[in-house]
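**Q** Heads up: the sequence shown begins at 1460 in the numbering used here, then just goes up one per residue. Don't be surprised by glycine CBs; every beta carbon is placed ideally from N, CA and C. None of the values given here were measured: they were computed from a predicted structure.
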Amino acid sequence: MMVDSARLTAFTPKLVTVIGEGYSTGHFRRDALAGLIVAIVALPLAMALAIASGASPDKGIVTSVVAGFLISALGGSRVQVGGPTGAFVVVVFNVIAQHGYDGLLLATMMAGIILIVAGYSGLGSLVRFIPQPVVTGFTAGIAVIIASSQIRDFLGLSMKSVPADFIQKWEAYFQALGSIRIDTLAIGVGALGMIVMLRTWAPRWPAFLITVVAASASAAMLHLPIETIGSRFPDLPAGLPAPALPDISFSKLQSVMPSAFTIAFLAGIEALLSAVVADGMIGSRHRSNQELVGQGVANLASALFGGLPATGAIARTATNIKAGGITPISGMMHAVFLLIFILFASRLMAYVPLAALAAILFMVAWGMSEHHRFIQLLRMPGGERALLLLTFALTVLVDLTVAIGVGVTLASLLFMLRMSQAVEITNDGDRLSYAINDGDEDIHQRDALPAGVEVFRIDGPVFFGVAGELLDTLRSVGSRPRVIILRMRRVPMLDASGVTTIGDIVRYAAAGNTQIILSCVQAQPLAMLARADLGPDSARVIHSANFSEALCAASRVSEAAAIGTISTD
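(1) Rounding to the nearest angstrom, what Cα-Cα distance links Ala1666 and Arg1658 in this structure?
(2) Please report how far the alpha carbon of Gly1571 lies from the alpha carbon of Pro1516, in whole angstroms.
(3) Starting from Ser1828, trace the alpha helix (DSSP H) in both directions and tell me its first and last residue.
(4) Leaving out five residues on either side along the sequence, give the residues of the same chain with a beta carbon under 8 Å from the beta carbon of Ile1669.
(5) Is there at least one non-hydrogen atom of the ligand SAM closer than 8 Å to the beta-carbon of Gln1539?
(6) Kindly list the residues whose CB is nearer than 8 Å to the CB of Gly1742, restricted to its own chain and excluding five residues on each side of it in sequence; keep chain order.
(7) If you count every other CB in all the chains shown that lies within 10 Å of the CB of Glu1750, and 16 or more means buried, which is it?
(8) If we ignore side chains and look at the alpha-carbon of each, how far apart do Gly1559 and Asp1706 end up?
(9) Should Val1752 and Gly1578 be called a contact, given that it needs their Cβ atoms to be closer than 9 Å?
(10) With DSSP as the reference, label Ile1555 as helix, strand or coil.
(11) Have a look at Pro1940, Leu1988, Leu2010, Phe1724 and flag the residue whose alpha-carbon is nearest the alpha-carbon of Leu1953.
(12) Given that a residue counts as buried once 16 or more other Cβ atoms are within 10 Å of its Cβ, and exposed if not, what is Ser1608?
(13) Quick one: residues in its chain with C-beta nearer than 6 Å to the C-beta of Leu1759, no 5 flanking neighbours on either side, listed in chain order?
(14) Rounded to the nearest angstrom, what separates Thr1770 and Pro1700 at their Cα positions?
(15) Report the residue from Gly1911, Leu1731, Asp1738, Arg1744 whose alpha carbon sits nearest the alpha carbon of Gly1755.
(16) Looking at Ser2017 and Val1925, is the spacing between their C-beta atoms short of 9 Å?
(17) Just verifying my parser: in three-state terms, what is the DSSP assignment at Val1942?
(18) Which stretch, first to last residue, makes up the beta strand (DSSP E) that contains Asp1918?
(19) Identify whether His2002 lies in helix, strand or coil by the three-state DSSP scheme.
(20) What are the uninterrupted segments assigned as beta strand (DSSP E) that are 3 or more residues long and contained completely in the region 1744 to 1819, given in chain order?
(21) What first and last residue would you give for the alpha helix (DSSP H) that runs through Thr1885?
(22) If you count every other CB in all the chains shown that lies within 10 Å of the CB of Pro1592, and 16 or more means buried, which is it?
(23) If Met1791 sits next to Met1506, beta carbons under 8 Å apart, how far is it from one beta carbon to the other, in whole angstroms?
(24) Does Ser1978 come out as helix, strand or coil in the three-state DSSP assignment?
(25) Output the residue ranges of the alpha helix (DSSP H) runs that lie fully inside the region 1491 to 1527 and measure 4 residues or longer, sorted by chain position.
(26) Can you tell me which of the three DSSP states Asp1899 falls into?
(27) Measuring only the C-alpha atoms, how far is Leu1492 from Ser1789?
(28) Hey, how far is the Cα of Thr1850 from the Cα of Leu1813?
(29) On the CB-based measure, 16 or more other CB atoms within 10 Å of its CB, does Gly1534 come out buried or exposed?
(30) List the DSSP bridge partners of Gly1541.
(31) Buried or exposed: Val1958, going by 16 or more other Cβ atoms within 10 Å of its Cβ?
(32) Please classify Arg1916 as buried or exposed, where buried requires at least 16 neighbouring CB atoms within 10 angstroms.
(33) Distance, Cα to Cα, Pro1940 vs Val1861?
(34) Give the secondary structure of Met2052 by DSSP, where H, G and I count as helix, E and B as strand, and everything else as coil.
(35) Check for me: the alpha helix (DSSP H) holding Ile1707 runs from which residue to which?
(36) At which residue ranges does the region 1639 to 1705 contain complete alpha helix (DSSP H) runs of 4 or more residues, listed in the order of the chain?
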């Protein structure tokens, strides 16, 4: 009953919890004001991220409205604010280029389902095991790609299209350098300078919105012939579109499946990282699995309304906290205010210069790059450094999906290699001393061992990476002893391969009339051994609670063997 109650709590949205604790009009005023401030920050960012992703700017706002509302309403964090983020730009751009916008909607819906399944499967706690070099490598790679994608709009280059491939993209930029427009560059540089200045001298002000308004007003008053949202997207809709399913076919499901897993992975990673940051700022604790469920529902709904993938946004969440948001209602109000904007002020978007949005994305990319952490990881040992650089290079030059897959796989192999190197299998018979009952009393080893007894001590987990080494070590004993004691007090974990290897050792020993005694086996290895008929009730091995008991049992076996009567009683 207690387990069911704990599970129910783990899958209860934080909104339900805070409402149950009591919610007053004073709380609502704080949340509404915070939601307004976050909406002001999110508006230009949502448009910029949508354009960088190869979609129209209204798609970014729709995503912030629909997904942002549901992430806060159904998530496991008190103050999480969601919407489109820079992490998705590369994936979204590639999916649209390869499969069309319908393919993106389908991939986003599949990612939503994956996140829901992951949440209810309890995988939310596993995301924290993704190594930092992998996370930093592909995040920095995404930052480079985002910044690279904005060069045309920032410089005003005359290019019909921008190649998706990183190398080809920069080749095309160099070929078009002669078409730089000074007026566009001036707006871009001015916008970039204003953002930096506002963040330095007035960090509480909404730098992105102020910059967009100033750049739009300057371009309109000076009648600058520069490209704006209205000139590139002349038919922007107002309001939310009606929900609709994308075209679904089995072949399309297969083709977008890798992208769906990538979207789900990125959404889960960024949402839970954002929730952890928020916990540290407000002294709370999020529900990781419910957070994944909320993210999944939000992405399903976003795709139904024609929106982009969404996740928890660290910068917007931090803004929400600093603005006084205390419950999920602040994130929901942020979505409501954005909806009001697209219903009544969507025409103003047409005047926003694309160069100003490019400047915003340069700042987003700089923040994503985590250059301080990148430099710090470069000082780490060779394995971490190589993993960081490889993930970064694959993200920029090949594909984000490949980078994640290769990075996580290599990180796992590197971890297993280090774990196998940390495991020690030593012949205690060759040591000068050992500890009685694993305590502190040292005596001479060879003098204490009964005749015909060898002792091996295993330090560390016995898994498939070291299982073969264990058997090889025991086979290296010159003449077969009458008894082999395996001291396993320092073996915290035993996997199926380790159990199989110990079974092989028992069979190998039995063929030479050697008895195996397992000393001080911990709970998890003991349970695994019992499943393979090698537990305390087995007739094939002897278990002892400590090393003294193991020595006594070894003496009895050795004496019985010496007089020709084999007995393990």
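**A** If we stick to the structure as given:
(1) The residue given as residue 1666 occupies position 207 in the sequence shown. The residue given as residue 1658 occupies position 199 in the sequence shown. Cα to Cα, the separation comes out at about 7 Å.
(2) Reading the sequence shown from its first residue, position 112 is the one you call residue 1571. Reading the sequence shown from its first residue, position 57 is the one you call residue 1516. Distance between the alpha carbons of Gly1571 and Pro1516: 22 Å.
(3) Numbered from 1 along the sequence shown, position 369 holds the residue referred to as residue 1828. Here the alpha helix (DSSP H) through Ser1828 covers 1813 to 1828.
(4) Position 210 of the sequence shown, counted from the start, is the residue given in the question as residue 1669. Answer for Ile1669: Met1653, Leu1657, listed in chain order.
(5) The model on display carries no ligand, and the ligand SAM is accordingly not part of it.
(6) By one-based count along the sequence shown, residue 1742 stands at place 283. So the list is empty, once near-sequence residues are dropped.
(7) On the sequence shown, position 291 is the one that residue 1750 refers to. Result: buried.
(8) Your numbering for residue 1559 matches position 100 in the sequence shown. Your numbering for residue 1706 matches position 247 in the sequence shown. Cα to Cα, the separation comes out at about 11 Å.
(9) Residue numbering aside, residue 1752 sits at position 293 when the sequence shown is read from its first letter. Residue numbering aside, residue 1578 sits at position 119 when the sequence shown is read from its first letter. Cβ distance < 9 Å, so Val1752 and Gly1578 count as in contact.
(10) By one-based count along the sequence shown, residue 1555 stands at place 96. Three-state result, Ile1555: helix.
(11) Counted from its first residue, the sequence shown places residue 1953 at position 494. Per the Cα distances, Leu1988.
(12) As a working mapping, residue 1608 is identified with position 149 in the sequence shown. So Ser1608 ends up on the buried side.
(13) As a position in the sequence shown, residue 1759 is number 300, starting the count at 1. Around Leu1759: Met1568, Gly1571.
(14) Position 311 of the sequence shown, counting from 1, holds the residue named residue 1770. Position 241 of the sequence shown, counting from 1, holds the residue named residue 1700. Distance between the alpha carbons of Thr1770 and Pro1700 is about 21 Å.
(15) By one-based count along the sequence shown, residue 1755 stands at place 296. Of Gly1911, Leu1731, Asp1738, Arg1744, the residue nearest in Cα terms is Leu1731.
(16) To locate residue 1925, count along the sequence shown from 1; it is residue 466. To locate residue 2017, count along the sequence shown from 1; it is residue 558. Contact: no.
(17) Position 483 of the sequence shown, counted from the start, is the residue given in the question as residue 1942. Strand.
(18) For the purposes of this step, residue 1918 is taken as the residue at position 459 of the sequence shown. Looking at the DSSP string, the run of the beta strand (DSSP E) that includes Asp1918 is 1912 to 1918.
(19) Translated into the one-based positions of the sequence shown, residue 2002 becomes position 543. Correct three-state label for His2002: strand.
(20) none
(21) What you label residue 1885 is simply residue 426 of the sequence shown in a count that begins at 1. First-last for Thr1885: 1883 to 1886, but that is the beta strand (DSSP E), not the alpha helix (DSSP H).
(22) As a first step, residue 1592 must be located in the sequence shown, where it is residue number 133. Buried: at least 16 other Cβ atoms inside 10 Å.
(23) Translated into positions along the sequence shown, residue 1791 becomes position 332. Translated into positions along the sequence shown, residue 1506 becomes position 47. 21 Å between Cβ atoms; not a contact.
(24) For this step, residue 1978 is matched to residue 519 along the sequence shown. Note: Ser1978 maps to strand in three-state DSSP.
(25) none
(26) By 1-based counting over the sequence shown, the position of residue 1899 is 440. Residue placement at Asp1899 cannot be trusted, given a pLDDT of 38 that sits under 50; the coordinates are not used to answer.
(27) As a first step, residue 1492 is located in the sequence shown; it is residue number 33 there, counting from the start. As a first step, residue 1789 is located in the sequence shown; it is residue number 330 there, counting from the start. Each residue's alpha carbon lies about 8 Å from the other.
(28) Here residue 1850 refers to the residue found at position 391 of the sequence shown. Here residue 1813 refers to the residue found at position 354 of the sequence shown. In a straight line, the C-alpha of Thr1850 is about 31 Å away from that of Leu1813.
(29) One-based indexing of the sequence shown puts residue 1534 at position 75. It is buried - the Cβ of Gly1534 has at least 16 other Cβ atoms within 10 Å.
(30) Along the sequence shown, one-based indexing puts residue 1541 at 82. In the DSSP output, where bridge partners are listed per residue, Gly1541 has Gly1771.
(31) For the purposes of this step, residue 1958 is identified with residue 499 of the sequence shown, where counting begins at 1. So Val1958 ends up on the buried side.
(32) Taking the first residue of the sequence shown as position 1, residue 1916 is located at position 457. When all chains shown are included, Arg1916 counts as buried.
(33) Counting from one through the sequence shown, the residue named residue 1940 turns up at place 481. Counting from one through the sequence shown, the residue named residue 1861 turns up at place 402. One C-alpha to the other measures close to 52 Å.
(34) Within the shown structure, residues of the chain are numbered from 1460 to 2028, placing residue 2052 beyond reach of any answer.
(35) As a position in the sequence shown, residue 1707 is number 248, starting the count at 1. Per DSSP, Ile1707 belongs to no alpha helix (DSSP H) and is neither H nor E.
(36) 1641 to 1660, 1666 to 1680, 1688 to 1691
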